[in-house]
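I have placed the structure first, in the form of structure tokens, so that the comments after it can refer back to it.
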Amino acid sequence: MNAVTAVEASAVRNTITQAALNAILVGDPLGGGFYAGQIRQADGIYALIVAPKDGGEHDDIVWNGDRSRVEGALSYFDGAANTAAMAEAGSDLGKWALGLQANGYHDWYLPARDELEIIYRSLKPTAGNYAGFRDGDNASSVPVGYPYTEQLPAQTSAAAFQADGAEAFEEEWYWTSTQSERHSGSAWTQSFNDGYQDSYHKGNEFRARAVRRLLVIQ
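Here full-length UniProt numbering is used: the first residue of the sequence shown is 1, the next is one more, and so on.
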């Protein structure tokens, strides 16, 4: 079995070895989408996969029409759990993500706050960032992410994700599945123009991009 086939075979099992992952660059095809980086949660480290833009990205949509608190949608790193809670609460965005079928995979979801930050850091379409006080601070990413500077992170090296590329994120706001802890009527977003992170009312209309993940094994 050649290396590419081995990677795809492990992806079917929702796992990938660390050795196989080390041979993959951000933006490379993997598991029905494109590799974006690694995230840690209590049960292990996962490889994060961004859905193809065609079918895997949603135009402007509200997070939820109901601004009441959604229990179970507060995780900064577990977007799958957040998205399930969103859908249960009636969110059309959550239902869209869970219902997505792309390249033979059916386990897509809306990324949590730290997951979307990893995607921005790895696959940002342009150069330059908003160097805020905490923007880019990510305790869940592997390696741990620190606040942005005006120059770092740089524009992605993956040509398809650079501005005007076939898979590029728009230079606009994108929803995460993470609800604001302080304001039940708001949820976290990230700007793919300059990296600014903030929470906005759920009734605002922003873009969204689905993701899935693979458990990294030794």
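The C-beta atom is built at its ideal place from N, Cα and C for all residues, glycine as well.
Alpha carbon of residue i to alpha carbon of residue j, nearest angstrom
i, j, result
"Tyr196", "Asp59", "20 Å"
"Gly165", "Pro52", "12 Å"
"Tyr76", "Ile45", "15 Å"
"Ala168", "Gln218", "31 Å"
"Ser202", "Trp108", "In the sequence as displayed, the identity of residue 202 is Lys instead of Ser. Rounded to the nearest angstrom, the two C-alpha atoms are 21 Å apart."
"Arg67", "Ala89", "10 Å"
"residue 231", "Asp135", "It is not possible to answer for residue 231, since the shown part of the chain is limited to 1 through 218."
"Tyr35", "Leu21", "9 Å"
"Gln38", "Tyr130", "23 Å"
"Ala158", "Asn204", "30 Å"
"residue 265", "Glu117", "Lying outside 1 to 218, the shown extent of the chain, residue 265 is not represented and no answer is given."
"Gly145", "Phe206", "25 Å"
"Gly32", "Leu110", "15 Å"
"Thr15", "Arg40", "14 Å"
"Gln155", "Leu30", "21 Å"
Cβ shell of residue i (< 8 Å), same chain only, five flanking positions each side left out
i, result
"Leu74", "Asn82, Thr178, Gln179 and Glu181"
"Asn103", "Gly32, Gly33 and Pro52"
Chain-order list of residues whose beta-carbon lies under 7 Å from that of residue i (same chain, five-residue window excluded)
i, result
"Trp96", "His58"
"Pro213", "Before going on, a small fix: residue 213 reads as Arg here, not Pro. Within the same chain, Arg213 has close Cβ partners Tyr46, Ala47, Leu48 and Ile49."
Where the beta strand (DSSP E) through residue i begins and ends
i, result
"Ala187", "Ser186 to Ser191"
"Arg209", "Glu205 to Arg209"
"Ile39", "Gly33 to Gln41"
Residues bridged to residue i [DSSP beta-bridge criterion]
i, result
"Asp198", "Thr189"
"Asn138", "Gly145"
"Thr15", "Leu215"
"Gln179", "Ala187"
"Gly44", "Gln41"
"Tyr109", "Val211"
"Leu21", "Partner(s): none; Leu21 has no beta bridge."
"Leu30", "Gly33"
6 Å Cβ shell around residue i - same chain, five flanking residues per side excluded
i, result
"Trp188", "Arg113, Thr176, Thr178 and Ser199"
"Ser91", "Asn64"
"Ala87", "Gly94, Lys95 and Leu98"
Enclosing alpha helix (DSSP H) for residue i [first to last residue]
i, result
"Trp96", "Asp92 to Gly99"
"Glu172", "Neither: Glu172 is in no alpha helix (DSSP H) and is coded neither H nor E."
"Ile119", "Arg113 to Leu123"
### Query
Whole alpha helix (DSSP H) runs in the region 46 to 106 with 4 or more residues, listed along the chain?
Entirely contained in the region 46 to 106, the alpha helix (DSSP H) runs reaching 4 residues are, in chain order, 53 to 56, 79 to 88 and 92 to 99.
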